[in-house]
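Engineer: Questions regarding the structure given below will be posed in turn.
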Amino acid sequence: MVDVARDAVAAVFREEHGRLLAALVRRFGDLDLAEEAAAEAVAAAVAHWPVRGVPPNPGAWLMTTARRRAVDRLRRDQALATRLAVLRVEAERAEHAPPADLADAGGGVPDERLRLFFTCAHPALPAEDRLVLTLRCLAGLTTAEVARALLVPEATMAKRITRAKARIRTARIPFRVPGADELPQRLPGVLLVLYSIFTEGYGARRDDVADEAVRLAGILRRLLPEREVTGLLALMLLTHARRAARTGADGAPVLLDAQDRSRWDRAMIAEGAALVPEALAGPVGPYGVQAAIAALHAEAPTFADTDWTQIVALYDVLAAIDPSPVVAVNRAVAVAMRDGPTAGLVLFDRLSKEPRLRGYHPYLAARADLLARVGRFPEAAVAYRAALAAAGSEPERALVRGRLAELELESESGEAGTWT
Amino acid sequence: MKYMLLINAGAVDVEGGAVGCAPEDWMAYDKQVHDAGVFVSGESMADLVTAAVVRVADDGRRTVTDGPFAEAREVLGGFYVIDVPDLDVALEWAARCPGARGGGSVVVRPIADFGA
Numbered sequence: 001m002v003d004v005a006r007d008a009v010a011a012v013f014r015e016e017h018g019r020l021l022a023a024l025v026r027r028f029g030d031l032d033l034a035e036e037a038a039a040e041a042v043a044a045a046v047a048h049w050p051v052r053g054v055p056p057n058p059g060a061w062l063m064t065t066a067r068r069r070a071v072d073r074l075r076r077d078q079a080l081a082t083r084l085a086v087l088r089v090e091a092e093r094a095e096h097a098p099p100a101d102l103a104d105a106g107g108g109v110p111d112e113r114l115r116l117f118f119t120c121a122h123p124a125l126p127a128e129d130r131l132v133l134t135l136r137c138l139a140g141l142t143t144a145e146v147a148r149a150l151l152v153p154e155a156t157m158a159k160r161i162t163r164a165k166a167r168i169r170t171a172r173i174p175f176r177v178p179g180a181d182e183l184p185q186r187l188p189g190v191l192l193v194l195y196s197i198f199t200e201g202y203g204a205r206r207d208d209v210a211d212e213a214v215r216l217a218g219i220l221r222r223l224l225p226e227r228e229v230t231g232l233l234a235l236m237l238l239t240h241a242r243r244a245a246r247t248g249a250d251g252a253p254v255l256l257d258a259q260d261r262s263r264w265d266r267a268m269i270a271e272g273a274a275l276v277p278e279a280l281a282g283p284v285g286p287y288g289v290q291a292a293i294a295a296l297h298a299e300a301p302t303f304a305d306t307d308w309t310q311i312v313a314l315y316d317v318l319a320a321i322d323p324s325p326v327v328a329v330n331r332a333v334a335v336a337m338r339d340g341p342t343a344g345l346v347l348f349d350r351l352s353k354e355p356r357l358r359g360y361h362p363y364l365a366a367r368a369d370l371l372a373r374v375g376r377f378p379e380a381a382v383a384y385r386a387a388l389a390a391a392g393s394e395p396e397r398a399l400v401r402g403r404l405a406e407l408e409l410e411s412e413s414g415e416a417g418t419w420t
Numbered sequence: 001m002k003y004m005l006l007i008n009a010g011a012v013d014v015e016g017g018a019v020g021c022a023p024e025d026w027m028a029y030d031k032q033v034h035d036a037g038v039f040v041s042g043e044s045m046a047d048l049v050t051a052a053v054v055r056v057a058d059d060g061r062r063t064v065t066d067g068p069f070a071e072a073r074e075v076l077g078g079f080y081v082i083d084v085p086d087l088d089v090a091l092e093w094a095a096r097c098p099g100a101r102g103g104g105s106v107v108v109r110p111i112a113d114f115g116a
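Here the protein sequences come in this chain order: U and W.
Numbering follows full-length UniProt numbering, with no gaps: position 257 of the first sequence is 257.
Numbering follows full-length UniProt numbering, with no gaps: position 47 of the second sequence is 47.
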């Protein structure tokens, strides 16, 4: 009974935390006070629910309790109350409209999380702090969980969170959604925070962290159904759907060309693919295009049978709206699949002087693969050794060593072309 | 909430003025800041190159040198202190400032309030 209630509290708190916190910050104008009140409400729930049962509307119960705790705190702390009153008056001056009173919300908790997304991802905050605050305030992770997610010691993380919150207070970073004219400049910052959380999890093979990013993108899309938000959610779903296939039994990474496609998460692919048309309706952004590329991979029966013509065309679009050396590398790989390895190598040679690709492992490894496929074995061996030196992890190194060993067998037997 | 807008010129012309700044743009901006009721104070430097730097060592010895402009890419041209509700409003005023264009920049810093 106690365990059931505790699990119910944990589940409700996880789902409701961002919403609860956002509503409290909106009401009281202070992140610290809001967090304190939210934590006290949860502690009260843990104490009462096992005895009295879980209330019919747990979110509203938590909100009412938290609000009472915050009001109690303000009664005790007049200096804080005065400071927040001034803040409130000034916030009204900025918005020309008073914040909605929660009593008018019909018992439910109004969803103010969109404001919190923009506060946590504010450009005046250091990039690292934006990830931390988003995980802490919107995903509802504890300090220890944020520390684990970003591989930082807990004490360091606690200091960082305190500092980030102090910065919001000192600079008075507002709790508001940017106006329509500002939105195009501010939204990419919010999306980048979510995508960074995702790649952090995906790169470290931490499914829980990637799951959090997908969940946050889903929340953001419900609150702000902009094309690029949809595109980002689709991209995450279509990428995350491959999670079971991208690591071998020995822990080594399995690249897209060698993945067992029967292990892809078809339900997640369907969810992601269904969003792509919406992400592409109108002027397209980088996340929408990347989602479209991921969808083509997802529906291809094999790597060779992928619609490479369309993928090259989409990389052309991506290179036009968001050019980067990494996009150029991916495009060169797609051209190699469409027109053969020789055509790909021409593009790779053109990229060889790009300083940002020096030591970029995927570039070096992909180029080595193409050299091996056209039978230029000595050059391929040199390229694989360069890729080996640039590999960032032991599994990556193991993969390259495997290719080098195959290459030696290949060149001994004197047969070129079996790689194609 | 008070913020200081530190206006840095991106390049200095031979007369020591900021490159590419039209006086009428500044007059229009200054009028906007006053009309909106957010102006607290503000000054502009006489020029961008005349400065002296004073340092006092631990032993009390004083050194005075001319401005450290040789290595600085941007030089302070002036400042405003404005009183606005929050950082986003301050950033909006900074973006409207002529000094933010043409290779210049405006640094926005919150001012300490010891009264509250």
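Using N, Cα and C, we set each Cβ at its ideal position, and we do this for glycine too.
Since the structure is predicted, the reported quantities are computational estimates derived from the model, not experimental observations.
Here's the rule I'm using: 16 or more other beta-carbon atoms within 10 Å means buried, otherwise exposed. How should V71(U) be labelled?
Structural biologist: Taking the first sequence and counting its residues from 1, the one referred to as residue 71(U) is at position 71. When all chains shown are included, V71(U) counts as exposed.
Engineer: Does the beta carbon of M1(W) sit closer than 9 Å to a beta carbon anywhere in chain U?
Structural biologist: The residue given as residue 1(W) occupies position 1 in the second sequence. Chain U contact via Cβ: present.
Engineer: For my contact list, I82(W) and F39(W) are in at a C-beta cut-off of 8 Å; report their separation, rounded to the angstrom.
Structural biologist: Within the second sequence, the letter at position 82 stands for residue 82(W). Within the second sequence, the letter at position 39 stands for residue 39(W). That belief holds up - the Cβ atoms of I82(W) and F39(W) are roughly 6 Å apart, short of 8 Å.
Engineer: On the three-state DSSP scale, how would you describe S105(W)?
Structural biologist: Position 105 of the second sequence holds residue 105(W). In this structure, S105(W) counts as strand in the three-state DSSP scheme.
Engineer: Distance check for P225(U) and A217(U), CA to CA, integer angstroms please.
Structural biologist: Residue numbering aside, residue 217(U) sits at position 217 when the first sequence is read from its first letter. Residue numbering aside, residue 225(U) sits at position 225 when the first sequence is read from its first letter. If I take the Cα positions, the gap works out to 10 Å.
Engineer: At 9 Å on the CB atoms, spell out the chain U contacts of P110(W), in chain order.
Structural biologist: Your numbering for residue 110(W) matches position 110 in the second sequence. Result: T170, A171, R172.
Engineer: Whose C-beta lies closer than 6 Å to the C-beta of A273(U) among residues of the same chain, with five residues either side of it excluded?
Structural biologist: Working through the first sequence from its first residue, we reach residue 273(U) at position 273. The residues are A295.
Engineer: Use the C-beta contact count for I173(U): other C-beta atoms within 10 angstroms, 16 or more gives buried, fewer gives exposed.
Structural biologist: Stepping through the first sequence from its first residue, residue 173(U) is reached at position 173. It counts as buried.
Engineer: Does DSSP put A105(U) in a helix, a strand or coil?
Structural biologist: Position 105 of the first sequence, counted from the start, is the residue given in the question as residue 105(U). With a pLDDT of 42 at A105(U), under the threshold of 50, the predicted position of this residue should be treated as unreliable, though the coordinate-derived value follows. Three-state DSSP puts A105(U) in a helix.
Engineer: Determine the contact status of V25(U) and R130(U), defining contact as a CB-CB distance below 9 Å.
Structural biologist: The residue given as residue 25(U) occupies position 25 in the first sequence. The residue given as residue 130(U) occupies position 130 in the first sequence. No. Outside cutoff.
Engineer: Residues of chain W with a CB under 9 Å from the CB of E90(U): which are they?
Structural biologist: By 1-based counting over the first sequence, the position of residue 90(U) is 90. Here the neighbours are M1, V84, P85, D86.
Engineer: Using the Cα positions of L220(U) and E35(U), report the straight-line distance between them to the nearest angstrom.
Structural biologist: The residue you call residue 220(U) lines up with position 220 of the first sequence. The residue you call residue 35(U) lines up with position 35 of the first sequence. Approximately 21 Å, taken between the alpha carbons.
Engineer: Just to check my reading of the structure: I197(U) and L238(U) have Cβ atoms closer than 8 Å, yes? What is that Cβ distance to the nearest angstrom?
Structural biologist: Within the first sequence, numbered from 1, the residue matching residue 197(U) stands at position 197. Within the first sequence, numbered from 1, the residue matching residue 238(U) stands at position 238. Contact flag wrong, Cβ pair sits at about 17 Å.
Engineer: What whole-angstrom Cβ distance do residue 423(U) and A328(U) have, given they're in contact under 8 Å?
Structural biologist: In the structure as shown, chain U begins at 1 and stops at 420. Residue 423(U) is therefore absent and cannot be evaluated.
Engineer: Could you pull out every residue in the same chain whose Cβ sits closer than 6 Å to the Cβ of G18(U), ignoring the five residues on either side in sequence?
Structural biologist: Along the first sequence, one-based indexing puts residue 18(U) at 18. Same-chain partners within the cutoff: R113, L138, G140.
Engineer: Since A124(U) meets chain W, which of its residues come closer than 7 Å, beta carbon to beta carbon?
Structural biologist: Counting from one through the first sequence, the residue named residue 124(U) turns up at place 124. Correct list: L87.
Engineer: Ends of the beta strand (DSSP E) at D83(W)?
Structural biologist: Locating residue 83(W) in the second sequence gives position 83, counting from the first residue. Taken as a continuous stretch (DSSP letters only), the beta strand (DSSP E) holding D83(W) covers 75-83.
Engineer: Taking the alpha-carbon of S41(W) as reference, which of G104(W), R96(W), V84(W), A95(W) has the nearest alpha-carbon?
Structural biologist: Residue numbering aside, residue 41(W) sits at position 41 when the second sequence is read from its first letter. The shortest Cα separation from S41(W) among G104(W), R96(W), V84(W), A95(W) belongs to V84(W).
Engineer: Quick check: the Cα distance between Y287(U) and P126(U), rounded to an integer number of angstroms?
Structural biologist: Along the first sequence, read from residue 1 onward, the residue named residue 287(U) stands at position 287. Along the first sequence, read from residue 1 onward, the residue named residue 126(U) stands at position 126. Those two C-alpha atoms are separated by around 23 Å.
Engineer: State yes or no: is the beta carbon of R176(U) nearer than 9 Å to at least one beta carbon in chain W?
Structural biologist: Taking the first sequence and counting its residues from 1, the one referred to as residue 176(U) is at position 176. Yes, R176(U) lies at the interface with chain W (some Cβ there is under 9 Å from its Cβ).
Engineer: Distance, Cα to Cα, E410(U) vs E228(U)?
Structural biologist: Here residue 410(U) refers to the residue found at position 410 of the first sequence. Here residue 228(U) refers to the residue found at position 228 of the first sequence. Rounded to the nearest angstrom, the two C-alpha atoms are 46 Å apart.
Engineer: Across the segment 175-184 of chain U and the segment 198-209 of chain U, are there enough close Cβ pairs to call them in contact, namely three or more that are closer than 8 Å?
Structural biologist: The answer is no - the segment 198-209 of chain U does not touch the segment 175-184 of chain U, with fewer than three Cβ pairs under 8 Å.
Engineer: Taking the alpha helix (DSSP H) that N330(U) belongs to, which residues open and close that run?
Structural biologist: Sequence index remark: in the first sequence, residue 330(U) carries index 330 (1-based). Its alpha helix (DSSP H) spans residues 325-339.
Engineer: Measuring alpha carbon to alpha carbon, tell me which residue in L345(U), V284(U), E354(U) is nearest A320(U).
Structural biologist: Position 320 of the first sequence, counted from the first residue, corresponds to residue 320(U). Measuring from the Cα of A320(U), the nearest candidate turns out to be V284(U).
Engineer: If you count every other CB in all the chains shown that lies within 10 Å of the CB of R242(U), and 16 or more means buried, which is it?
Structural biologist: The residue given as residue 242(U) occupies position 242 in the first sequence. By the neighbour-count rule (16 or more Cβ atoms within 10 Å), R242(U) is buried.
Engineer: Report the CB separation of A124(U) from L5(W) in whole angstroms; it is logged as a contact under 8 Å.
Structural biologist: As a first step, residue 124(U) must be located in the first sequence, where it is residue number 124. As a first step, residue 5(W) must be located in the second sequence, where it is residue number 5. Between L5(W) and A124(U) the Cβ distance is about 14 Å, and since that is not below 8 Å, they are no contact.
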